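Comments concern the structure below.
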Amino acid sequence: MSRALMLGALALTAAFSLAACDGLKGPGDNAGAPSADAAGGPPPLPPYQMRAQIDETNRLKPSSDGEALFSNHCGACHLAGGMGTNLITGQQVAAGQSPDKGLLANRDDLTADYVKAVVRSGKGAMPRQTRVDITDAELDKVAAWLGKGQ
Ligand code: HEC
0 MSRALMLGAL ALTAAFSLAA CDGLKGPGDN AGAPSADAAG GPPPLPPYQM
50 RAQIDETNRL KPSSDGEALF SNHCGACHLA GGMGTNLITG QQVAAGQSPD
100 KGLLANRDDL TADYVKAVVR SGKGAMPRQT RVDITDAELD KVAAWLGKGQ
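Be aware that the sequence shown starts at 0, since it is given in numbering that gives the first Met the number 0, and climbs by one per residue.
Shown next, in the form of structure tokens:
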């Protein structure tokens, strides 16, 4: 292969890999997370590794909103690609729901009380979260944000 052809093939490969990285952006992306698009930097991390930054000045009176607190405290498992999302997607599909219901943020059947009970007691593969993991005040905000059910 000539040198020019080789360079062309390399450029094409690079273009395709960049296009593939763009595929990571989509619904389920994490509001408030820092952007990983710096020129020449590494490819963006998967959403579950891109948890939102929160203000932790006073965790008993959190100033961040429920969505950001959820992303930060629950996102490692419950954002797109997380193991909680993967498990719940299977459960939801088996129950006749659409796969996007694997993301807790897309559920409209969860109540705030149910969310708090699961978080404090654990459920199946989910370990219970202590008040060090997430304070009562933080959990109140997360549960209010997730609890769209009656
Ligand atoms: C270490 C990973 C992990 C963390 C952290 C985590 N979860 Fe979970 N969560 C799971 C898994 C896995 C399941 C599915 C459990 C099962 O059914 O076996 C689950 C299930 C749930 C459910 C039940 C959903 C249903 O359909 O019944 C709720 C509600 C929930 N999590 C809320 C939260 C909230 C809110 C947080 C943050 C405070 C959180 N979780 C943090 C892993 C996690």
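The beta-carbon is built from N, C-alpha and C at its ideal position, and this holds for glycine as well.
Here the structure is a predicted model, which means the values were calculated and not measured.
Identify every run of the alpha helix (DSSP H) within the segment 70-105, keeping only runs that are complete inside it and at least 4 residues long; order them along the chain. Those alpha helix (DSSP H) runs which fall completely within the segment 70-105 and span 4+ residues are 82-93.
Could you have a look at Lys-115 and say whether DSSP puts it in helix, strand or coil? Helix, per DSSP.
Cβ distance (whole Å) where Leu-103 is taken to contact His-72 below 8 Å: Rounded to whole angstroms, the Cβ separation of Leu-103 and His-72 is 12 Å, and the two are not in contact under 8 Å.
Are the segment 37-44 and the segment 55-63 in contact at 8 Å, needing three or more beta carbon pairs? With the cut-off at 8 Å, the segment 37-44 and the segment 55-63 do not touch.
So, are the CB atoms of Ala-158 and Ala-143 less than 8 Å apart? As displayed, the chain neither begins before 0 nor continues past 149, which places residue 158 out of reach and without an answer.
Does the distance from the C-beta atom of Val-141 to that of Phe-69 stay below 8 Å? Going by C-beta atoms, Val-141 is nearer than 8 Å to Phe-69.
Supposed contact pair Ile-87 and Gly-101 - C-beta distance, whole angstroms, cut 8 Å: So it is a contact: roughly 5 Å between Cβ atoms.
Is Val-117 close to ligand 1? I mean its beta-carbon at under 7 Å from any heavy atom of the ligand. In this structure, the C-beta of Val-117 approaches ligand 1 to less than 7 Å from one of its heavy atoms.
Roughly how far, in whole angstroms, is the beta-carbon of Asp-107 from the beta-carbon of Gly-148, given that I think they are within contact range, below 8 Å? Asp-107 to Gly-148, Cβ: 6 Å. Contact.
Looking only at its own chain, which residues have a Cβ that is under 6 Å from the Cβ of Leu-145, when we skip the five neighbours before and after it? Closer than 6 Å at the Cβ level, and outside the excluded window around Leu-145, lie Leu-103, Leu-109 and Val-114.
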